[in-house]
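Chemist:
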Amino acid sequence: MTVPMITLNNGVQIPQLGFGTYQIPPEDTADAVATALKAGYRHIDTAEMYGNEAGVGEAVRNSGLDRSEVFVTSKLNNGFHDYDDALAAMDQTLADLGLDYVNLFLIHWPLPEVGDFTETWRAMEEMYRQGKARAIGVSNFQPHHLNKLLDSGTVVPAVNQIEVHPYFVQSDVREANAGHDIVTEAWSPIAQGKVLDDPTVVRIAERLERTPAQVVLRWHIERGDVVFPKSATPKRIEENFALFDFELTDADRADITALDKGERIGPNPDEFNYVPS
Ligand SMILES: NC(=O)c1ccc[n+]([C@@H]2O[C@H](COP(=O)([O-])OP(=O)(O)OC[C@H]3O[C@@H](n4cnc5c(N)ncnc54)[C@H](OP(=O)(O)O)[C@@H]3O)[C@@H](O)[C@H]2O)c1
1 MTVPMITLNN GVQIPQLGFG TYQIPPEDTA DAVATALKAG YRHIDTAEMY GNEAGVGEAV
61 RNSGLDRSEV FVTSKLNNGF HDYDDALAAM DQTLADLGLD YVNLFLIHWP LPEVGDFTET
121 WRAMEEMYRQ GKARAIGVSN FQPHHLNKLL DSGTVVPAVN QIEVHPYFVQ SDVREANAGH
181 DIVTEAWSPI AQGKVLDDPT VVRIAERLER TPAQVVLRWH IERGDVVFPK SATPKRIEEN
241 FALFDFELTD ADRADITALD KGERIGPNPD EFNYVPS
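Here the sequence shown is numbered in the UniProt record's numbering, starting from 1 and rising by one per residue.
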C-alpha cells in the first residue's frame, strides 16, 4: 500500500495516513506503535498531554527504520503557553521522545481564557528556526484564532488539526484553513467508533466489501485531509491502513458528507480552557 504524501506550505512532506496514539496507555504505547510501523504506517501523532511520548520514541528508535522515514508529530500542552515555558516544553518533548527533532509541533488548544497565544506562536517560530521542529502548526483553532495568529506571526501554520468526522464535517474551518494554504488534519476521524454503525456507512461498506471504518477513512482521504486513526488492536491497525485499493463514488462521498449533524465529540475550542495542574 502506498500512502500519498501531502506537501505542507513550507515544502515538508507528510504521509496523508498516520497512526493516532490518544488514550493508548504509556505502558502499551511502544508495542502499539511498533505494530503500526510494521504494518506500514510512517506517521505517528502524539502529544505531551497523552503522556506516551516516551513509548512513541522508543518504538521509532527501535524500529530499524531510518529517522528520516518516520514522520512524528507532537503538541505543546496547555500549561506551557508562556514563551519560555513553551521553549522548555519542546526540549522536554524531545527528551521524552529521545529524538533530535519532531517533524511537526502543534499548539494543542487556543485556550481563550489563557489569552495570548501569539506569544506562544513566537516560541513555536523560534523552535522552527532552531530546527527542533521541521514544521509548526496549530490544533483546534477556529478561523478567528487563525486570523489573530496570522496578523502577528511571521510563519503561516503548516496544519490545523481539528475534529472532523461524518457527524461533524467542519466545512467552515476546513475552508478557512485551505484559504491560508494550511492543511487540515482530521482528529477522531471515525468519531471514536460512533459513526461505524450508521446505516449509510454500513450500506456503502457492504457494497464495496470493506469495513465501515475503511469507508469513513477513505472519505477523509478523498476529501484531502490528513488522518491518523487510533487503535490498540493489531487487526484494526492493519484494517485502517488498507485504504488505497478501493474508491468511493461521488455519490458515496456526498452521502457521507450529508450525515453532518454539527455534533462534536470533543470540547468546543471557544470554550475549552483546561490547563493541567
Ligand atoms: N488535537 C486534538 O485535540 C486531538 C483530539 C483527539 C484526538 N487527536 C488525535 O487523533 C487521533 C485519532 O482520534 P481518536 O483516537 O480520538 O479517535 P478515532 O481514531 O476516531 O477512534 C479510535 C477508537 O475507535 C476504535 N477503532 C479504531 N479502528 C477501528 C476499526 N477499524 N473498527 C472499529 N473500531 C475501531 C478504537 O478502538 P481500539 O483502540 O480498542 O481498537 C478506539 O476506541 C488520536 O489518537 C490523536 O492522535 C487529537
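Ideal Cβ placement from N, Cα and C applies to all residues, glycine included.
Tell me the residue span of the beta strand (DSSP E) that contains V131.
Modeler: Reading the sequence as shown, one finds Gly at residue 131 and not Val. From DSSP, G131 is part of no beta strand (DSSP E); its letter is neither H nor E.
Chemist: Please state whether DSSP places H145 in a helix, a strand or coil.
Modeler: In this structure, H145 counts as helix in the three-state DSSP scheme.
Chemist: What does the alpha-carbon distance come out to for the pair I162 and G64?
Modeler: Rounded to whole angstroms, I162 to G64 spans 32 Å at the Cα level.
Chemist: State yes or no: is the C-beta of G79 within less than 7 Å of the C-beta of P269?
Modeler: In this structure, P269 does not lie closer than 7 Å to G79 by Cβ.
Chemist: Please say whether A39 and A86 have beta carbons closer to each other than 7 Å?
Modeler: No.
Chemist: Excluding the 5 residues preceding and the 5 following Y22 in the sequence, name in chain order all residues of the same chain whose CB lies nearer than 7 Å to its CB.
Modeler: The residues are Y50, K230.
Chemist: Alpha carbon to alpha carbon, how far is D96 from A54?
Modeler: Taking the straight line from one Cα to the other gives about 5 Å.
Chemist: Would a C-beta distance cut-off of 7 Å place P157 and I190 closer than the cut-off?
Modeler: Taking 7 Å as the Cβ cut-off, P157 and I190 do not qualify as a contacting pair.
Chemist: Taking the alpha-carbon positions, what's the P110 to N273 distance?
Modeler: Cα to Cα, P110 sits roughly 8 Å from N273.
Chemist: According to DSSP, what are the bridge partners of A186?
Modeler: Looking at the DSSP assignment, A186 forms a beta bridge with I162, V227.
Chemist: Quick check on this structure: which residue in D45, L149, R134 has the alpha carbon closest to the alpha carbon of T120?
Modeler: Closest option to T120, Cα to Cα, is L149.
Chemist: Is the closest heavy atom of ligand 1 to the C-beta of N240 under 6 Å?
Modeler: N240: yes, Cβ under 6 Å from ligand 1.
Chemist: Helix, strand or coil for V12 per DSSP?
Modeler: Correct three-state label for V12: coil.
Chemist: So is R207 buried or exposed if we call it buried at 16+ other beta carbons inside 10 Å?
Modeler: R207 should be labelled exposed.
Chemist: Identify the continuous alpha helix (DSSP H) that holds D245 and give its terminal residues.
Modeler: Careful: D245 lies outside any alpha helix (DSSP H) and carries neither H nor E.
Chemist: So if DSSP puts G20 in a beta bridge, which residue, or which two residues, is it bridged to?
Modeler: Looking at the DSSP assignment, G20 forms a beta bridge with D45, K230.
Chemist: Secondary structure at V56, three-state DSSP: helix, strand or coil?
Modeler: In the structure shown, V56 sits in a helix (DSSP, three-state: H, G or I).
Chemist: State the DSSP-derived secondary structure class of K261, mapped to helix, strand or coil.
Modeler: The answer is coil: DSSP assigns K261 none of H, G, I, E or B.
Chemist: Within 10 angstroms of its Cβ, does T2 collect 16 or more other Cβ (buried), or is it exposed?
Modeler: Classification for T2: exposed.
Chemist: Counting Cβ pairs closer than 8 Å, one from the stretch 136 to 147 and one from the stretch 255 to 269, do we hit at least three?
Modeler: Contact between the stretch 136 to 147 and the stretch 255 to 269 is present, because at least three Cβ pairs lie under 8 Å.
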